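Visitor: Structure incoming, see below.
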Amino acid sequence: MSSSSKERPGSRLEALFPLDWDLIRHAGAEPVPHHLKKWWFCLGGTPFYLFVVQVVTGIALTFYYVPTPEGAYQSVAAITHEVRFGWYIRSLHKWSGNLMIVAVFLHMLRVYFTGAYRQPRQLNWCIGISLLVTTLAFGFTGYSLIYEQLSFWGATVACNLAEAVPLVGSHIGYFLRGGPEIGENTLTRFFILHIGVLPTVMFFLLGLHVFLIRSHGVTEFEDEAVPEEKRFFRFFPDHVTTELLIGVLLMYILTLLALIFPAGLGAPADPTQTPPHIKPEWYFYFNFRLLKLTSLKMSVLLTMAIGAVVFFWPFIEGFLARWLKMPEWVSVLLGVIGFLGFLVLTVWESFAV
Ligand code: HEM
-10 MSSSSKERPG
0 SRLEALFPLD
10 WDLIRHAGAE
20 PVPHHLKKWW
30 FCLGGTPFYL
40 FVVQVVTGIA
50 LTFYYVPTPE
60 GAYQSVAAIT
70 HEVRFGWYIR
80 SLHKWSGNLM
90 IVAVFLHMLR
100 VYFTGAYRQP
110 RQLNWCIGIS
120 LLVTTLAFGF
130 TGYSLIYEQL
140 SFWGATVACN
150 LAEAVPLVGS
160 HIGYFLRGGP
170 EIGENTLTRF
180 FILHIGVLPT
190 VMFFLLGLHV
200 FLIRSHGVTE
210 FEDEAVPEEK
220 RFFRFFPDHV
230 TTELLIGVLL
240 MYILTLLALI
250 FPAGLGAPAD
260 PTQTPPHIKP
270 EWYFYFNFRL
280 LKLTSLKMSV
290 LLTMAIGAVV
300 FFWPFIEGFL
310 ARWLKMPEWV
320 SVLLGVIGFL
330 GFLVLTVWES
340 FAV
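In this text, residue positions in the sequence shown follow the numbering used here: the first is -10, and each later residue adds one.
Put into structure tokens, the structure is as follows:
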């Protein structure tokens, strides 16, 4: 074939990949509802972006990290103080993880208070909650890998909590520790979970989440103030450009945070010396306060009960609305009470010594 000037730009590249390019072009041009121009409405893209930052920085950290009780703390210290730009990569990893949890919470609040979890999106809400749990599991396993005093004892408390789960608790505790005590096996397990199992689960769940978003479309809200022709905009390049700009802004914020609050390092883990004040990472303050207010068993039962209600909420709400004629404002009220309860316990624990 002669390289005639009639060829469409990019057609040679397309020929190399046997994909349905018309379908891809069609998906790219899909109209996006106008309200997604509001930053708080399209917060779902933020955790996605932060996850990508974590994958990239996490791969870089794995080149230097040693997952053994003797090597873990030393390798993190070397990354922080000796490896060129190690402190920066570690700080980006830490801050993107923390911001991802904030972003997922905010995204979840937006979905809840705009009622976007209702029919036909109930399943996507459940997948979202699984994404939240996976994100928290990333935070927990990652923090434990540092093997400093606080993270070691935090992991000890978490394994004790896991043991209090009815019926299967002792098996979960044993599985996580890799034996009766926290040690070499625990670190290997947390490492495999953190760099292998959880990323795989995350990719799988994200794929399902995005597939369902694309299948259902994003919730649409009638806004009389917006003229008809402006109620939708193009996914590509309009929405993609906005998301890319948000990405640049986030990278700037992450770098500022890394410079002002670089990832630190406490004392190395000492299994024989319980520190006077054990504290988990902030996103587990809620559970930690529950633990202090009740007992080990009760706090686990309460967490499981609350978790089950939140996970199945779209279905529970549907049932209550159909059979007990529960009005929508009750859901809003319950959401406000739940959110404030979470906030109060978290802030309370953050001020406690
Ligand atoms: C890693 C975490 C997550 C990522 C990357 C993510 C990503 C996204 C994206 C990109 C959207 C499109 C609209 C938007 O940007 O808001 C979306 C919509 C949605 N997400 Fe998430 N999400 C995550 C976690 C969650 C959680 C925790 C929930 C709720 C429990 C959730 C439930 C939903 C639902 C129901 C929709 C459809 C909303 C609508 O149609 O308006 N997602 N998600």
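Using N, Cα and C, we set each Cβ at its ideal position, and we do this for glycine too. All of these numbers come straight from a predicted model, not from anything done at the bench.
(1) Just verifying my parser: in three-state terms, what is the DSSP assignment at S(-8)?
(2) For R220 and E232, I'd like the C-alpha separation in whole angstroms.
(3) How many angstroms separate the CA atom of H15 from the CA atom of W29?
(4) Evaluate S(-9) with the Cβ neighbour count: other Cβ atoms within 10 Å of its Cβ, from every protein chain shown; 16 or more gives buried, anything less gives exposed.
(5) Please go through the same chain and pick out, in chain order, the residues whose beta-carbon is closer than 8 Å to the beta-carbon of S(-7), but skip the five residues on each side of it.
(6) Please check the pair A105 and T175, which I expect to be a contact at CB under 8 Å, by giving their CB distance rounded to whole angstroms.
(7) Hey, would you say the C-beta of G104 is under 6 Å away from at least one heavy atom of the ligand HEM?
(8) Specify the secondary structure class of F210 as computed by DSSP and reduced to three states.
(9) State the CB to CB distance for the pair L139 and G255, rounded to an integer number of angstroms; the pair is presumed to be in contact (CB under 8 Å).
(10) Would you list the residues sitting across from E137 in a DSSP beta bridge?
(11) Where do the N-terminal and C-terminal ends of the beta strand (DSSP E) with P36 fall, by residue?
(12) Going by C-alpha to C-alpha distance, which of N276, V321, L309 and E317 sits closest to L150?
(13) Heavy atom of the ligand HEM less than 6 Å from the Cβ of T208, yes or no?
(14) On the DSSP bridge assignment, give the partners of F222 in chain order.
(15) Name the two residues that bound the continuous alpha helix (DSSP H) containing H70.
(16) Does the beta-carbon of Q43 have 16 or more other beta-carbons within 10 angstroms, so that it is buried, or is it exposed?
(17) Are I78 and T46 touching if we call contact CB-CB under 7 Å?
(18) Just to confirm, does I202 get its C-beta within under 6 Å of one of the non-hydrogen atoms of the ligand HEM?
(19) Could you check whether the Cβ of L120 sits closer than 6 Å to any heavy atom belonging to the ligand HEM?
(20) Please determine, among F40, F250, V72 and K26, the residue with the shortest C-alpha to C-alpha distance to L189.
(21) Is K83 buried or exposed, if buried means 16 or more other CB atoms sit within 10 Å of its CB?
(22) How long is the line joining the alpha carbons of V21 and F224, rounded to whole angstroms?
(23) Less than 7 Å between the beta carbons of M315 and L322, yes or no?
(24) Kindly examine the ligand HEM and report whether one of its heavy atoms sits closer than 6 Å to the Cβ of W76.
(25) Could you give the distance in angstroms between the alpha-carbon of V289 and the alpha-carbon of D212?
(26) When the Cα atoms are used, what is the spatial distance from H228 to E137?
(27) Identify which residue in L197, A144 and A247 has its Cα closest to the Cα of W114.
(28) By a C-beta neighbour count over all protein chains shown, 10 Å radius and 16 as the cutoff for buried, is W312 buried or exposed?
(29) Mind reading off the beta-carbon distance from L121 to M97? Whole number of angstroms is fine, and I expect it under 8 Å.
(30) Could you pull out every unbroken alpha helix (DSSP H) segment of at least 4 residues lying fully inside the region 242 to 289, listed in chain order?
Guide: Here's the rundown:
(1) Against the sequence shown, residue -8 aligns to sequence position 3. Note that S(-8) scores a pLDDT of 47, beneath 50, so its modelled location is shaky; the value from the coordinates is reported in the next line. Per DSSP, reduced to three states, the secondary structure at S(-8) is coil, with no helix or strand assignment.
(2) Counting from 1 along the sequence shown, the entry for residue 220 is found at position 231. Counting from 1 along the sequence shown, the entry for residue 232 is found at position 243. Rounded to whole angstroms, R220 to E232 spans 19 Å at the Cα level.
(3) Position 26 of the sequence shown, counted from the start, is the residue given in the question as residue 15. Position 40 of the sequence shown, counted from the start, is the residue given in the question as residue 29. Rounded to whole angstroms, H15 to W29 spans 27 Å at the Cα level.
(4) Position 2 of the sequence shown, counted from the first residue, corresponds to residue -9. Confidence at S(-9) is low in this model, with a pLDDT of 45, below 50, so its placement is unreliable and the value that follows should be read with caution. S(-9) should be labelled exposed.
(5) Position 4 of the sequence shown holds residue -7. Confidence in S(-7) is poor, its pLDDT being 48 and thus under 50, which makes the residue's placement too unreliable to answer from.
(6) Locating residue 105 in the sequence shown gives position 116, counting from the first residue. Locating residue 175 in the sequence shown gives position 186, counting from the first residue. That belief does not hold up - the Cβ atoms of A105 and T175 are roughly 39 Å apart, past 8 Å.
(7) Reading the sequence shown from its first residue, position 115 is the one you call residue 104. Result no, Cβ not under 6 Å from the ligand HEM.
(8) Taking the sequence shown and counting its residues from 1, one reaches residue 210 at position 221. F210 falls in the coil class under three-state DSSP.
(9) Position 150 of the sequence shown, counted from the first residue, corresponds to residue 139. Position 266 of the sequence shown, counted from the first residue, corresponds to residue 255. Confirmed, Cβ separation roughly 6 Å.
(10) Translated into positions along the sequence shown, residue 137 becomes position 148. According to DSSP, which records beta bridges pairwise, E137 is partnered with P257.
(11) As a position in the sequence shown, residue 36 is number 47, starting the count at 1. That residue, P36, is in no beta strand (DSSP E); its alpha helix (DSSP H) goes G34 to T51.
(12) Your numbering for residue 150 matches position 161 in the sequence shown. Among N276, V321, L309 and E317, the Cα nearest to that of L150 belongs to N276.
(13) Here residue 208 corresponds to residue number 219 of the sequence shown, with the count starting at 1. Answer for T208: yes, Cβ within range of the ligand HEM.
(14) Residue 222 sits at position 233 when you count from the first residue of the sequence shown. Note: F222 sits in a beta bridge opposite V21.
(15) Numbered from its first residue, the sequence shown carries residue 70 at position 81. Unbroken alpha helix (DSSP H) run through H70: A61 to H70.
(16) Within the sequence shown, residue 43 is the residue found at index 54, counting from 1. By the 10 Å Cβ count, Q43 comes out buried.
(17) Stepping through the sequence shown from its first residue, residue 78 is reached at position 89. Stepping through the sequence shown from its first residue, residue 46 is reached at position 57. Against a cut-off of 7 Å, the Cβ pair of T46 and I78 comes out as a contact.
(18) The sequence position of residue 202 within the sequence shown is 213, counting from 1. Yes, Cβ of I202 sits closer than 6 Å to a heavy atom of the ligand HEM.
(19) For the purposes of this step, residue 120 is taken as the residue at position 131 of the sequence shown. Yes.
(20) Your numbering for residue 189 matches position 200 in the sequence shown. It is worth fixing the name first, because residue 189 is Thr in this sequence and not Leu. The shortest Cα separation from T189 among F40, F250, V72 and K26 belongs to F40.
(21) In the sequence shown, counting from the first residue as 1, residue 83 sits at position 94. Burial call: buried.
(22) Taking the first residue of the sequence shown as position 1, residue 21 is located at position 32. Taking the first residue of the sequence shown as position 1, residue 224 is located at position 235. If you take the alpha carbons of V21 and F224, they lie about 6 Å apart.
(23) The sequence position of residue 315 within the sequence shown is 326, counting from 1. The sequence position of residue 322 within the sequence shown is 333, counting from 1. Their beta carbons are not under 7 Å apart, which means M315 does not touch L322 by this criterion.
(24) What you label residue 76 is simply residue 87 of the sequence shown in a count that begins at 1. For the ligand HEM, not one heavy atom lies less than 6 Å from the Cβ of W76.
(25) Taking the first residue of the sequence shown as 1, we reach residue 289 at position 300. Taking the first residue of the sequence shown as 1, we reach residue 212 at position 223. Rounded to whole angstroms, V289 to D212 spans 44 Å at the Cα level.
(26) By 1-based counting over the sequence shown, the position of residue 228 is 239. By 1-based counting over the sequence shown, the position of residue 137 is 148. The alpha-carbon atoms of H228 and E137 are separated by roughly 43 Å.
(27) In the sequence shown, the residue the question calls residue 114 occupies position 125. Checking every option, the nearest Cα to that of W114 belongs to L197.
(28) In the sequence shown, counting from the first residue as 1, residue 312 sits at position 323. Classification for W312: exposed.
(29) Locating residue 121 in the sequence shown gives position 132, where the first residue counts as 1. Locating residue 97 in the sequence shown gives position 108, where the first residue counts as 1. Contact flag correct, Cβ pair sits at about 7 Å.
(30) 274 to 282
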